[in-house]
Amino acid sequence: MSFGLERIPDQLGYLVISEDGVLASAGELENDEHTAGVIMQMMRTACRFRLQGAAEPPFKRMSGKPPLQSTHSHRTGTQ
Numbered sequence: 001m002s003f004g005l006e007r008i009p010d011q012l013g014y015l016v017i018s019e020d021g022v023l024a025s026a027g028e029l030e031n032d033e034h035t036a037g038v039i040m041q042m043m044r045t046a047c048r049f050r051l052q053g054a055a056e057p058p059f060k061r062m063s064g065k066p067p068l069q070s071t072h073s074h075r076t077g078t079q
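Just so we're aligned, residue 1 is where the sequence shown starts under full-length UniProt numbering, counting upward by one.
Printed below as a string of structure tokens:
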């Protein structure tokens, strides 16, 4: 059910999602329900911006990059 997504060069992982949840996943995104929820919310938001009278969603594909990891160390606790 991966639709050949594992063959995409240089990928770190993938999610195939529906409104019911994660259908398929691998790599760094394997079983990442949180990211799936964020993406679904992005899709719902984008769908609200349909052109008047248009039956099709305003996009065919949506992609993104993960946020940059912070290189700063964070301290917790009291001194």
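For every residue, glycine included, the Cβ atom is placed at its ideal position computed from N, Cα and C.
Please check the pair Leu-15 and Val-22, which I expect to be a contact at CB under 8 angstroms, by giving their CB distance rounded to whole angstroms. Here residue 15 corresponds to residue number 15 of the sequence shown, with the count starting at 1. Here residue 22 corresponds to residue number 22 of the sequence shown, with the count starting at 1. Approximately 6 angstroms separates the beta-carbon atoms of Leu-15 and Val-22; this is inside 8 angstroms, confirming the contact.
Simplified DSSP assignment, three categories, for Pro-5: Numbered from its first residue, the sequence shown carries residue 5 at position 5. In the sequence on display, residue 5 carries Leu and not Pro. Leu-5 falls in the helix class under three-state DSSP.
For Arg-75, which residues of its own chain have a beta-carbon under 7 angstroms away from its beta-carbon, when the five flanking residues on both sides are left out? As a working mapping, residue 75 is identified with position 75 in the sequence shown. Note that Arg-75 has pLDDT 47, beneath the 50 cutoff, so the model's placement of it is unreliable and no number is given.
Distance check for Gly-27 and Asp-10, CA to CA, integer angstroms please. On the sequence shown, position 10 is the one that residue 10 refers to. On the sequence shown, position 27 is the one that residue 27 refers to. One C-alpha to the other measures close to 11 angstroms.
Segment limits, alpha helix (DSSP H) that includes Ala-46: Sequence index remark: in the sequence shown, residue 46 carries index 46 (1-based). Per DSSP, Ala-46 belongs to the alpha helix (DSSP H) from 33 to 47.
For Phe-49 and Asp-32, I'd like the C-alpha separation in whole angstroms. For this step, residue 49 is matched to residue 49 along the sequence shown. For this step, residue 32 is matched to residue 32 along the sequence shown. In this structure, the alpha-carbon of Phe-49 lies about 27 angstroms from that of Asp-32.
Kindly indicate the opening and closing residues of the beta strand (DSSP E) around Gly-13. Taking the first residue of the sequence shown as 1, we reach residue 13 at position 13. According to the DSSP assignment, Gly-13 belongs to the beta strand (DSSP E) that extends over 13 to 18.
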